[in-house]
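Take a look at the structure set out below.
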Amino acid sequence: MKASASANICQICKKPKSPHGGMLAELIRPSLLEFIKKRMPDWDGNGFICLDDLGEFRKEYVKEVLQDEIGELSTLDQEVVESLQQHEILSSDISKQFETKLTFGERLSDRIASFGGSWRFISLFGGVLF
Numbered sequence: 012m013k014a015s016a017s018a019n020i021c022q023i024c025k026k027p028k029s030p031h032g033g034m035l036a037e038l039i040r041p042s043l044l045e046f047i048k049k050r051m052p053d054w055d056g057n058g059f060i061c062l063d064d065l066g067e068f069r070k071e072y073v074k075e076v077l078q079d080e081i082g083e084l085s086t087l088d089q090e091v092v093e094s095l096q097q098h099e100i101l102s103s104d105i106s107k108q109f110e111t112k113l114t115f116g117e118r119l120s121d122r123i124a125s126f127g128g129s130w131r132f133i134s135l136f137g138g139v140l141f
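The numbering used here runs 11 ahead of the 1-based position in the sequence shown.
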């Protein structure tokens with residue numbers, strides 16, 4: 012399916028964008044689509060929206076939903092909304108931090124358990140039994 016040149020004009024900011032720089036309206040989640048139509052009544056539900064504008068609408072949508080659900084936004088809620096726009100990850104991988112604090116006995120037991128649950132061990136054990 013080849014998009015026409017006019018399909019790559021963002022209907023919000025009116026700037027030309029590459030096909031990878033935006034999304035067709037028909038691919039947007041229906042609840043977000045309705046939110047955008049409320050904010051931009053003249054917006055065509057079959058058009059094209061750039062990722063920057065879509066991100067801004069997503070941020071506003073999440074903010075509105077959170078405010079409707081819990082009232083005023085806490086600092087953490089505000090951080091979540093801002094991270095959506097900036098595409099940041101709020102969580103961190105704590106398994107690396109946890110692994111650095113393991114004692115020798117804990118590391119040894121982990122290795123024994125990983126060997127004991129492996130197919131290699133099961134095959135060896137089965138071979139010894141028969």
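Quick reminder that beta carbons are idealized off the backbone N, C-alpha and C, glycines included.
All values reported here derive from a predicted model rather than from experimental measurement.
Counting Cβ pairs, one atom from each stretch, are 3 or more of them under 8 Å apart for the stretch 29 to 38 and the stretch 73 to 80?
The answer is no - the stretch 73 to 80 does not touch the stretch 29 to 38, with fewer than three Cβ pairs under 8 Å.
Roughly how many angstroms separate the alpha carbons of L113 and G128, rounded to a whole number?
21 Å
Mind checking M12: buried by the 16 CB within 10 Å criterion, or exposed?
Annotation note: pLDDT 45 at M12 (below 50); position unreliable, coordinate value reported separately. M12 should be labelled exposed.
Helix, strand or coil: which one does DSSP assign to F136?
Helix at F136.
Does the Cβ of F68 have 16 or more other Cβ atoms within 10 Å, making it buried, or fewer, making it exposed?
buried
Return the chain-ordered list of same chain residues with a C-beta closer than 7 Å to the C-beta of S17, the five sequence neighbours on each side being excluded.
Only weak support is given to the placement of S17: the predicted model assigns it a pLDDT of 48, under 50, and the value that follows is read from those uncertain coordinates. Result list for S17: empty, nothing under 7 Å.
Please report the distance separating the alpha-carbon of K48 from that of C61.
Separation of K48 and C61 (C-alpha to C-alpha, rounded to the nearest whole angstrom) is 15 Å.
Which residues does DSSP pair with I23 in a beta bridge?
DSSP lists no partner for I23.
Where do the ends of the beta strand (DSSP E) carrying I60 lie?
F59 to C61
Where do the ends of the alpha helix (DSSP H) carrying G116 lie?
Start and end: F115 to G127.
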